[in-house]
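S.K.: Take this structure, written in structure tokens, and hold onto it; I'll ask about it next.
Here it is in structure tokens:
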């Protein structure tokens, strides 16, 4: 028995040691980009990271920060490696038990399980997430553990004496997973499918179901960490969840809720499928894809519920990639489940093949691991990666003593947090995030953290939640009161502390005082006009040497050049703006913002062809970007290619439904195609967004004029004239209406007004509408006898 136990556990232990060893060797030694700095600082201080708060991650991360090795960042990175390796061990066990159920030999099951586990470990997505501080590997550990338990229940019988215990443990573990990441919700449909398919009504016995729910909720009680720790005012205290309102704001991730549910367009689906195919192929390699396909066939025949479980999860995860809240880490569980297919395929194929062909299969499988490791090593290896930490130090070092830095981007903020809180670097710099102004209790945190600053009372600028929401221009942007608040904040403190602004969002109260200052903009005190010789820029060639082709570093540094370009665009300096946009694109070729802005500037310079190319390049990078869709649609509308423009405007509306211009332009397209019903609907939607729009009122009035609905036409054309009485086309359209109504005197009066405002334009309109020619000639003769 003891010998069996040793043999039973030897293989998974070896898998763990191999994977953990590789992950430690390639581990990032310091802070990384994205959420890493914030998560590390939250673990280090037992704080509250971004919604939904990640309490389990913060607690476990705190334990790892106590290890006497490396920097605080290295220790939390080590947690990712540890749970990444554990994930692979659980994956090993899933494949092993699937094989044993099919009576495979111990050698066949262990080999196929090892290939599956190592293939997952060396897939690019899993490897990258396992060497930096992220919540992903703890999430995958829980999801693979839940999968293992679900498969065990599926393999058992409804009268299994251990069934109740297994269901209760599953409920608790699944609930606990939500205290790390709510993405466990993506597994819920598959869990329900497997459990109900196996147990049917046995599952819903009241006592058992009640106990399952109780244990699930018991695990969620770990969220009590949020108000308990928030009350201690840690340095990272996102959303200040000390009261019920703030607590619900954090745990429901209300900050991101607007992006969670989006119905994909056909182009979005095609783009998503192409992206998923690329991700799966690059992570599994071609050999892995073929083995996975074999595994799906065998799983369908042998364990249909398990097959549907994995397929449904992958489908759900695929649909998450189609909305704007998507991050690539969401696909890691999909890669792991695909590796279950790979492992099961290897095991089942070996059962049917001859010894000679099995040897070839085993060799190909081993080569799969080698190929994956070699292919992904360079990109996944973060052993000497310090770009993020170096960037943060350069940013903070560039600022004078006691500077106030108002940030708008995640990387400058989170990396600065890490350096200040965990390493004590440049703690004199006062960092304030303007995005935090939409978060409950944030200004109180600023007052507590920086008592030397004079922070205006927010009630002078804030309104109730409903009013704030209604006046917010877009998800994640500053509410309407922020610009005025920041002006007051700047004026109250700029005489004592130098002020700096990171980002490209304009503040119309302060923009004239902005001066480029290396990574940021200095906001000068009120005084003389700002001179160009005061500007200090990053040097592109120097930055290129610093980034050394690293894509993530190029994206972050490129953002600063993008900000320079926007600054010059504010000041109508097109040449310098184009220069910095082009340098931003050299550092980050996938910056759709820069491509769209370059396209707009090229159109202003009458370079329509290159402008359209720039717009379309942005669209190809992200077909779900509303700005790219809007710009391509407008470009096609200008070309009079209205049929091609329609899908772009419709997609733009889908992703940004409150944009007046898209509804109006779509109405113009439908009107050009004589699709009056849809044109009317689009114009009316545009007017709901902008009721006093003269152009929309006029277009809708002309549309009703075409339909001979003279009463409705008069209503809208009269409103158009009232809204913009200096537009000759509005008066001309009103003249046409009066002519159709037989009101010759009123028609003459309106046409005369149009001629007075724009004689050439009015003449060109008459040329297209011969019915107005006699009246036009009469007025011309009257005015020029």
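In the working numbering, the protein residues as written are 2 to 786. Note that CB positions come from ideal geometry on N, CA and C, so glycine has one too. Predicted model, so just to flag it, every value in this text is computed and none were measured.
Exposed or buried, residue 224, counting other C-beta atoms within 10 Å across all chains shown (16 or more means buried)?
M.R.: With 16 or more other Cβ atoms within 10 Å, it is buried.
S.K.: Here's the rule I'm using: 16 or more other beta-carbon atoms within 10 Å means buried, otherwise exposed. How should residue 707 be labelled?
M.R.: exposed
S.K.: Can you tell which of 612, 717, 319, 52 has the C-alpha that lies nearest to the C-alpha of residue 250?
M.R.: 52
S.K.: Buried or exposed for residue 214, going by 16 or more other Cβ atoms inside 10 Å?
M.R.: The residue in question, residue 214, is exposed, as its Cβ has fewer than 16 Cβ neighbours within 10 Å.
S.K.: Measure the beta-carbon distance from residue 117 to residue 343 and round it to whole angstroms, keeping in mind my assumption that it falls under 8 Å.
M.R.: 6 Å
S.K.: Would you kindly work out how many angstroms separate the C-alpha atoms of residue 234 and residue 408, rounded to a whole number?
M.R.: 21 Å
S.K.: Across the stretch 339-355 and the stretch 280-292, are there enough close Cβ pairs to call them in contact, namely three or more that are closer than 8 Å?
M.R.: yes
S.K.: Which partner residues of residue 519 appear in the DSSP bridge assignment?
M.R.: 538
S.K.: The alpha helix (DSSP H) with residue 41 in it runs from where to where?
M.R.: 37-46
S.K.: Count the other C-beta atoms from every protein chain shown that fall within 10 angstroms of the C-beta of residue 140, then say buried if there are 16 or more, exposed otherwise.
M.R.: buried
S.K.: Does the distance from the C-beta atom of residue 432 to that of residue 406 stay below 8 Å?
M.R.: yes
S.K.: Within 8 Å (strictly less), CB to CB, does residue 638 reach chain B?
M.R.: Of the protein chains in the structure, only one exists, and it is not chain B.
S.K.: Can you give me the C-alpha to C-alpha distance between residue 440 and residue 240, rounded to a whole angstrom?
M.R.: Taking the straight line joining both Cα atoms gives about 5 Å.
S.K.: Whose C-alpha, out of 171, 125, 447, 65, is nearest the C-alpha of residue 219?
M.R.: 171
S.K.: Given a threshold of 16 other Cβ atoms within 10 Å of its Cβ, counted over all protein chains shown, does residue 222 qualify as buried or as exposed?
M.R.: exposed
S.K.: In the DSSP assignment, find the beta strand (DSSP E) that holds residue 500 and state where it starts and stops.
M.R.: 500-502
S.K.: If we ignore side chains and look at the alpha-carbon of each, how far apart do residue 754 and residue 774 end up?
M.R.: Whole-angstrom Cα-Cα distance: 16 Å.
S.K.: Check whether the Cβ atoms of residue 199 and residue 229 sit closer than 8 Å, and answer yes or no.
M.R.: No, Cβ-Cβ distance for residue 199 and residue 229 is not below 8 Å.
S.K.: Residue range of the beta strand (DSSP E) that residue 790 falls in?
M.R.: Limits of the chain in this structure are 2 at one end and 786 at the other, which puts residue 790 out of reach.
S.K.: With a 10 Å radius around its C-beta and 16 neighbouring C-beta atoms as the bar for buried, classify residue 425 as buried or exposed.
M.R.: With a 10 Å radius around the Cβ and a threshold of 16 neighbouring Cβ atoms, residue 425 comes out exposed.
S.K.: Residue 648 to residue 642, Cα distance in whole Å?
M.R.: Spanning the two alpha carbons is a distance of roughly 11 Å.
S.K.: From residue 501 to residue 404, what does the alpha carbon distance come to, in whole angstroms?
M.R.: 7 Å
S.K.: Nearest to residue 758 by CA position, among 528, 418, 722, 597, is which residue?
M.R.: 722
S.K.: Is it right to say residue 537 is buried, meaning 16 or more other beta carbons lie within 10 angstroms of its own, or is it exposed?
M.R.: In summary, residue 537 is exposed, with fewer than 16 beta-carbon neighbours lying within 10 Å of its beta-carbon over all protein chains present.
S.K.: Measure the alpha-carbon distance for residue 242 versus residue 37 and round it to whole angstroms.
M.R.: 21 Å
S.K.: For residue 567, which residues in the same chain have their Cβ closer than 7 Å to its Cβ, ignoring the five residues on either side in sequence?
M.R.: 505
S.K.: According to DSSP, is residue 790 part of a helix, a strand, or is it coil?
M.R.: Absent from the model: residue 790. The displayed extent of the chain is 2 to 786, so no value can be given.
S.K.: Taking its Cβ as the centre, do 16 or more other Cβ atoms sit within 10 Å of residue 88, making it buried, or is it exposed?
M.R.: Flag for residue 88 reads buried.
S.K.: Give the DSSP bridge partners of residue 710, in chain order.
M.R.: None; residue 710 has no bridge partner.
S.K.: Measuring straight from C-alpha to C-alpha, what distance separates residue 384 and residue 298?
M.R.: 40 Å
S.K.: Going by DSSP, what residue range makes up the alpha helix (DSSP H) through residue 571?
M.R.: 552-571
S.K.: If residue 119 and residue 19 are in contact, beta carbons under 8 Å, what's the gap, nearest whole angstrom?
M.R.: Between residue 19 and residue 119 the Cβ distance is about 7 Å, and since that is below 8 Å, they are a contact.
S.K.: Measuring CB to CB, does residue 41 end up less than 8 Å from residue 670?
M.R.: no
S.K.: Residue 473 to residue 655, Cα distance in whole Å?
M.R.: Reliability of the predicted coordinates at residue 473 is poor, the pLDDT of 27 falling under 50, and the value obtained from them is presented with this limitation in mind. So the alpha carbons of these two residues sit roughly 19 Å apart.
S.K.: In whole angstroms, what is the alpha-carbon distance linking residue 749 and residue 594?
M.R.: Those two C-alpha atoms are separated by around 49 Å.
S.K.: Nearest by alpha-carbon distance to residue 148: which of 513, 306, 247, 526 is it?
M.R.: 306
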